[in-house]
Amino acid sequence: VRDVQIADDAEVIEVLDAGSIDPGWTALLATEHAALAEGLTPLPADSTSAAATDDRVTTGDRVTWVESTPERAVLQVDARAPALLVMANNWYPSWVATIDEVEVPIGRAYLTLQALRVPAGTHTVVFEARAGSSLRAGVMMSVVGVLGLLGLLGIGVLRRTPARSASDEPGDNADHATA
Numbered sequence: 004v005r006d007v008q009i010a011d012d013a014e015v016i017e018v019l020d021a022g023s024i025d026p027g028w029t030a031l032l033a034t035e036h037a038a039l040a041e042g043l044t045p046l047p048a049d050s051t052s053a054a055a056t057d058d059r060v061t062t063g064d065r066v067t068w069v070e071s072t073p074e075r076a077v078l079q080v081d082a083r084a085p086a087l088l089v090m091a092n093n094w095y096p097s098w099v100a101t102i103d104e105v106e107v108p109i110g111r112a113y114l115t116l117q118a119l120r121v122p123a124g125t126h127t128v129v130f131e132a133r134a135g136s137s138l139r140a141g142v143m144m145s146v147v148g149v150l151g152l153l154g155l156l157g158i159g160v161l162r163r164t165p166a167r168s169a170s171d172e173p174g175d176n177a178d179h180a181t182a
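According to this note's numbering, the sequence shown is numbered sequentially starting from 4.
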């Protein structure tokens, strides 16, 4: 899409609830990702009317699925002008995207979907889920926690084990006499 409105979450809900836009022609992009929409030229008003049903006919743009798995999507995109590609995947920080093997930022559209800016021309776009820094941080915290627990257990065992002295040698009953 080339017609993009910047909105906070409450505004997105309000606009979608009112049905005042056609999500096939206008994207609602999160305020924090507004830079993705800079310089996009909206389509002429007549091409965004309810009568226009085939975006390939009215805009000349085309998106073709090349590969689709839960962790990866590869698309071939032909765009006549710079556009915003909205992907029906949930936006999450561990997803990365590349256009022609160059990493690009992923924005959040319609509250929860992925969106990225595509330049004019034919491009290969790849969305890929990667283990993010939060996963690495979780693994590191788990390792530190286990090591800490083992350390505490080791200290507890050492404190419960009485220290042996020279008089505790076998056969030395001097301290163990009974009356």
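Backbone N, C-alpha and C define an ideal beta-carbon position, used for all residues, glycine too.
Pick out whichever of Leu-152, Met-144, Ser-145, Val-18 has its Cα sitting closest to the Cα of Ala-33. Checking every option, the nearest Cα to that of Ala-33 belongs to Val-18.
Which word fits Met-90, buried or exposed, when buried means at least 16 other C-beta atoms lie within 10 angstroms of its C-beta? The residue is buried, with at least 16 neighbouring Cβ atoms inside 10 Å.
Got a sec? Which residues, its chain only, sit under 6 angstroms from Leu-88 by beta carbon, not counting five neighbours each side? Taken in chain order, the residues that qualify are Leu-119, Val-121.
Where the alpha helix (DSSP H) containing Val-4 begins and where it ends: Following the DSSP letters along the chain, one finds Val-4 in no alpha helix (DSSP H), marked with neither H nor E.
Can you say whether Asp-6 is buried or exposed, counting buried as having 16 or more other CB atoms within 10 angstroms of its CB? Around the Cβ of Asp-6, a 10 Å sphere holds 16 or more other Cβ atoms; the residue is buried.
From the DSSP output, in three-state form, read off Ala-81 for me. Checking the sequence, you will find Asp at residue 81 rather than Ala. Three-state result, Asp-81: strand.
For the region 147-156 against the region 123-130, do three or more pairs of beta-carbon atoms, one drawn from each stretch, fall closer than 8 angstroms, so that the two count as touching? In short, these stretches do not touch, since the Cβ pair count stays below three.
Within its chain, find whatever has a CB closer than 6 angstroms to the CB of Val-69; leave out the 5 residues flanking it on each side and keep chain order. Same-chain partners within the cutoff: Val-77, Gln-79.
Beta carbon of Asn-92 nearer than 7 angstroms to that of Thr-115: Asn-92 places its beta carbon 7 angstroms or farther from that of Thr-115.
Simplified DSSP state of Leu-116, which is helix, strand or coil: If DSSP states are grouped into helix, strand and coil, Leu-116 belongs with the strands.
Alpha-carbon spacing of Thr-101 relative to His-126, whole angstroms: The straight-line gap from Cα to Cα measures roughly 10 angstroms.
For Thr-44, count neighbouring Cβ atoms within 10 angstroms of its own Cβ and tell me buried if that reaches 16, exposed if not. Here Thr-44 is exposed. Its C-beta has fewer than 16 other C-beta atoms within 10 Å.
With 16 other CB atoms within 10 Å as the buried threshold, where does Ala-13 fall? Of the other Cβ atoms in all chains shown, fewer than 16 fall within 10 Å of the Cβ of Ala-13; this residue is therefore exposed.
For Thr-44, three-class secondary structure by DSSP: The answer is coil: DSSP assigns Thr-44 none of H, G, I, E or B.
Tell me, please, which residues DSSP counts as bridged to Ser-71. Ala-76.
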